Amino acid sequence: MSKLHPIISTLLKRIGLGIISLFFVTLIIFSSVNLLPGDFVESVLGQTRTEESVKIFRKELGLDKPYHVRYVNWLTSAIQGDLGSTFSGRNATYANQPQQNTARSVSSLLKPRLFNTFFLAAMTAIIAIPLSLILGITAALFRNSIYDRTVNASALTTISMPEFFVAYILIIYLASINQFFPSLSNVTSSTPFFERIYLSVLPALTLTLVTVAHMMRMTRASIINLLSSPYIEMARLKGISKTQVIIKHALPNAWAPIANIIAFNLAYLIVGVVVVEVVFVYPGIGQLMVDSVIKRDIPVVQGCALVFAVTYILLNLIADVISIITNPRLLYPK
Amino acid sequence: MKSSKDNKKDLLLDIKNISIEGFSDEIWHPIIKGVNLQLYRGEVLGLIGESGAGKSTLGLAAMGFVRTGCRFTSGSIIFNGKDLTKLSEKKKQQLWGTKLSYVAQSAAAAFNPAHRLINQTIESSLSHKLDTKETLQKDAVQLYKEMQLPNPDQIGERYPHQVSGGQLQRTMTAMAMSSKPDLIIFDEPTTALDVTTQVNVLATIRSIVKEHQTAAIYITHDLAVVAQMADRIQVLRYGDTVEVAKTSQMLKSPKEEYTKSLWAVRSIKKKEQKSKEIILRIENVSASYGSGPKVLQDININVPTGRTVAIVGESGSGKSTTARAITGLLPPTQGKVIFQERILPKKLSDRSKEDLRSIQMIYQSPDTSMNPRHTVREIIGRPLSFYHGINKEKNTNKVLELLHMIELDESFVDRLPEELSGGQKQRICIARALAAEPDLIICDEVTSALDQIVQEGILKLLLRLQHELKISYIFITHDIATVKAIADEVVVMHQGLVVEQGSKKDIFNPPHPEYTKLLLSSVPEMDPNWLNKVLEK
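Chains as they are written, first to last, in my numbering: chain A, 7 to 340; chain B, 178 to 714.
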């Protein structure tokens with residue numbers, strides 16, 4: 007390890023830590039999903055169930071095996087990319103005839119939903135990240151001015167309102183009173199690209215409004231935090247203009263906290279937007295997970311949770327990498 | 178440089194009756210109260226005074242700059258015929274980094290960690306379009322050469338964290354020279370450096386200023402340094418001028434009482450005394466932080482009872498680590514600490530209350546070593562109840578007695594640390610150490626953060642207490658003047674090793690080991706020719 011550039015060894019360490027935390031997350035996912043009250047088999051078979059049919063159904067779903075065996079089976083196939091098959095495609099009447107099975111694989115169910123979620127997250131990020139950076143930098147530049155206060159106050163207002171409320175306000179003004187955009191965003195896999203963008207405008211706008219405040223305030227705070235540094239005063243005494251001082255001297259040293267808050271918000275855009283999805287009937291992964299929990303479709307719930315965990319860990323890893331490569335102390339060791 | 182030009186035509190900077198206020202606690206306080214300052218082309222003016230005298234504020238004002246939360250209230254600053262107080266921000270930006278340059282106190286903090294040195298060196302000249310990038314870079318390398326930086330061709334490609342403090346300070350001077358300014362403000366440029374590094378930086382700054390005929394304002398609190406650098410000296414106190422005179426004249430016959438008192442600080446000289454009894458013996462102690470390299474390597478130190486042992490050395494020499502090893506904060510990896518003929522347990526947690534009581538510490542920064550929410554009564558009362566179990570009522574009497582000992586009256590009892598001056602805070606820290614009734618006090622750079630006059634008071638107090646209470650001191654410092662003032666015995670440390678140990682007389686008189694010689698010769702003296710003499714050697 008000592009021969010490697012310190013960045014590479016740090017990176018390898020981070021990736022290793024990421025894998026370890028992912029392992030612990032799988033443990034937590036598995037145990038908490040299995041702690042959910044209720045039983046899929048009994049609820050599906052309902053009143054007509056016999057002891058016999060319950061037993062057969064359980065066996066077919068693999069629910070007769072002990073917890074640790076099921077965990078190991080799930081983990082080993084998940085590593086190979088196979089998240090198992092759903093419970094709910096099955097039907098009690100086919101319980102005795104496995105060849106009639108209509109169950110879908112979890113991956114095939116997740117894939118289109120995941121794509122939709124990523125699409126919406128990407129669209130939001132493309133609007134929200136540059137917007138919050140620009141707002142944050144300008145607010146820092148004109149701090150304590152009316153502009154700064156207005157930006158801060160409006161950002162705070164949007165973040166203080168519940169997401170569904172922001173969503174409904176947007177629907178009222180942009181879909182109902184002025185019919186610019188549709189209020190339903192029910193995209194399908196066959197929706198053409200531009201049509202898809204058009205349908206996703208309102209949910210993306212809602213998410214932009216709720217995430218911008220965070221990122222903008224963090225950008226502003228990180229920059230202002232640096233403005234009292236002696237090297238900022240030095241730059242000013244070198245006759246560098248205020249804008250240049252902020253862009254060339256403060257911002258390069260502020261990337262680490264900004265990257266962290268952006269990663270945090272991106273993760274939120276992928277894992278935490280179920281309310282917005284419901285309001286706009288957008289077929290994202292959040293809705294899928296909530297539906298599956300209601301149906302007690304354990305493999306799907308586990309699959310979603312795993313996808314969320316991977317997203318979180320990956321985004322944080324990227325934020326770590328950004329803070330490392332923007333820090334010359336780490337990039338160019340003594 | 179030592180030739181002064183009194184020709185009126187050559188007046189470069191004329192500060193007339195300038196007043197500056199700062200905003201704090203919801204009101205404007207005066208910082209500079211109607212100061213006049215003249216500077217001629219090619220002249221170096223030394224600006225001295227204690228912390229809070231307004232030196233830095235005045236230095237920055239000479240560039241037409243005030244820090245956030247400060248404002249000019251009256252007066253004018255005429256630079257090259259233009260009044261800087263009346264210029265717009267844009268106009269001033271055109272002067273900054275071209276005609277007016279600034280060299281800050283801590284180079285490590287004043288360089289942007291995110292950019293290479295060469296880009297920062299030429300940044301101001303480049304942004305003011307003084308020349309092409311290539312020419313400026315070539316000039317910068319030339320300046321690096323003049324500043325005697327190692328590898329002048331490549332050092333610019335480095336980042337600030339990759340070069341040493343002394344090199345950074347020289348790079349910053351090169352940065353200030355890059356635009357060939359008429360005036361450079363040096364704001365305590367060597368204060369953060371070790372003495373042995375300081376000599377070289379002073380020499381290079383002086384020669385480059387002379388070479389380029391640049392006028393300079395040299396701000397410092399160190400008289401010996403200003404004596405080497407300045408043609409004239411202006412003494413400031415409480416934001417007002419005390420006295421201005423040519424350097425030689427100022428050193429020989431200062432007029433004002435205050436100036437004399439600044440000069441007098443270096444005059445305390447304790448007569449060294451010997452003691453046969455040894456209170457603390459450090460035998461073959463080594464220590465390291467975590468699994469890192471050894472910070473202390475097999476050191477031996479003896480502390481005689483009722484005497485003062487001064488440990489001197491530069492930063493990183495292991496002085497404070499020695500203190501941590503003695504107190505058990507950093508258990509030594511090998512060796513013994515023998516206190517009053519008894520081997521002390523290595524770890525702090527293994528020591529008895531009695532062991533803890535008998536060795537006390539006083540720290541460099543009284544600001545951070547006191548709980549800001551405790552009153553003086555609580556701060557001093559805590560060791561009283563912890564070590565002696567004294568109840569509240571008697572406690573107050575004892576606290577008053579201790580306050581009396583450190584020459585403060587009873588009105589201080591209910592004050593919080595923020596309501597005390599720096600010197601008073603350090604006195605309270607001394608009282609806290611005394612409250613335990615220790616046999617040995619370790620003083621870690623206790624006077625370094627204080628002004629010279631306050632330093633004198635604290636040193637006198639410590640000497641008096643030693644005389645009355647027969648306490649032994651270990652006095653850790655990097656300042657040779659302090660050592661001369663207080664020590665009986667001296668230990669010289671360098672890179673975790675004890676270079677030399679002996680009585681004050683032995684250490685300060687030849688023959689010296691190589692390092693002691695370098696250290697002693699690097700300490701600036703009041704003689705204006707000191708730097709020349711050192712450089713000749």
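Positions of the beta carbon are idealized from the N, C-alpha and C atoms, including for glycine. Here the structure is a predicted model, which is why all the values come from computation and not from measurement.
C-alpha gap between B:Gln215 and B:Ile195, whole angstroms: 12 Å
Kindly indicate which residue of B:Ala658, B:Ile684, B:Glu633 and B:Phe288 has the alpha-carbon position closest to the one of A:Leu232. B:Phe288
Could you check whether the Cβ of B:Leu189 sits closer than 9 Å to any Cβ belonging to chain A? no
How should B:Gly274 be labelled, buried or exposed, when 16 other C-beta atoms within 10 angstroms of its C-beta is the threshold for buried? buried
From the DSSP output, in three-state form, read off B:Ala662 for me. helix
Can you list the residues of chain A that B:Met240 reaches, using a CB-CB cut of under 7 Å? Leu243
Leaving out five residues on either side along the sequence, give the residues of the same chain with a beta carbon under 7 Å from the beta carbon of B:Lys575. Leu561 and Ile567
Proximal residues to A:Arg155 (C-beta, below 6 Å), its chain only, five neighbours per side dropped: none
Name the residue from B:Ala230, B:Asn548, B:Asp527 and B:Val660 whose alpha carbon lies nearest to the alpha carbon of B:Ile488. B:Val660
Restricting to Cα atoms, I'd like to know which of B:Leu507, B:Gly333, B:Glu434 and B:Asp417 is closest to B:Gly467. B:Leu507
So within the stretch 31-58 of chain A, which uninterrupted alpha helix (DSSP H) runs reach at least 4 residues, ignoring any that extend past its ends? 46-51
For a contact meaning CB atoms closer than 8 Å, what does A:Asn259 contact in chain B? Asn289, Pro290 and Ala291
With C-beta atoms as the reference, is B:Val421 less than 9 Å away from B:Arg409? yes
Would DSSP call B:Tyr217 helix, strand or coil? strand
With a threshold of 9 Å between beta-carbons, can A:Thr16 be considered close to chain B, or not? no
Determine, using beta carbons only, whether A:Ser8 comes closer than 9 Å to chain B. The predicted position of A:Ser8 is uncertain, since its pLDDT is 47 and thus under 50; a value taken from the coordinates is nonetheless stated next. Not closer than 9 Å to any Cβ of chain B, the Cβ of A:Ser8 fails to qualify, so no.
Spell out whether any CB of chain A is found under 9 Å from the CB atom of B:Tyr279. yes
In terms of residues, what are the limits of the beta strand (DSSP E) holding B:Arg409? Arg409 to Arg414
Short of 7 Å in beta carbon distance, which residues of its chain neighbour B:Lys496, apart from the five on each side in sequence? Order them along the chain. Ile488, Gly490, Ile653 and Met670
DSSP three-state label for B:Ala612, please. helix
Would you be able to state if there are at least three C-beta pairs under 8 Å between the stretch 57-66 of chain A and the stretch 15-23 of chain A? no
Please name the residue, chosen from A:Phe29, A:Thr54, A:Tyr73 and A:Leu120, that lies closest to A:Val280 on a Cα-to-Cα basis. A:Leu120
Just the chain B side, please: which residues come within less than 7 Å of A:Ser247 by C-beta, in chain order? Gln270
I'd like to confirm the pairing. Which residues does DSSP put opposite B:Cys620 in its beta bridges? B:Ile539 and B:Phe652
Label B:Phe242 either buried or exposed according to how many other C-beta atoms from any shown protein chain fall within 10 Å of its C-beta, with 16 as the threshold for buried. buried
Looking at the C-beta of A:Glu66, does it have a partner C-beta in chain B at a distance below 9 Å? no
Excluding five sequence neighbours on each side, which residues of the same chain lie with their C-beta closer than 6 Å to the C-beta of A:Asp303? Thr92, Phe93 and Ser94
Among residues of its own chain, excluding the 5 on either side of A:Val307, which ones have a beta-carbon nearer than 7 Å to its beta-carbon? Val39, Met295, Ser298 and Val299
Neighbour list for B:Ser265 in chain A, Cβ cutoff strictly below 7 Å: Per Cβ cutoff of 7 Å: no residues; B:Ser265 is ~12 Å from chain A at best.
One question on the structure: do B:Ser132 and B:Gly199 come within less than 9 Å of each other, judged by their Cβ atoms? One cannot answer for residue 132 of chain B here, as it falls past the ends of chain B, which runs 178 to 714.
Note down, in chain order, every chain A residue with its Cβ under 8 Å from the Cβ of B:Gly274. Leu243, Lys244, Gly245 and Ile246
How is the beta strand (DSSP E) around B:Ser201 delimited, first residue to last? Leu188 to Ser201
Within chain B, partners of A:Arg335 - CB distance below 8 Å: Pro290, Tyr336 and His338
Assuming B:Gly673 and B:Lys471 form a contact by the criterion Cβ under 8 Å, report the distance between their Cβ atoms to the nearest whole angstrom. 6 Å
Starting from A:Tyr288, find everything on chain B with Cβ-Cβ shorter than 8 Å and list it in chain order. Near A:Tyr288 there are no residues of chain B at all, since even the closest Cβ is about 41 Å away, more than 8 Å.
Whether B:Ile619 touches B:Ile536 by CB criterion (9 Å): yes
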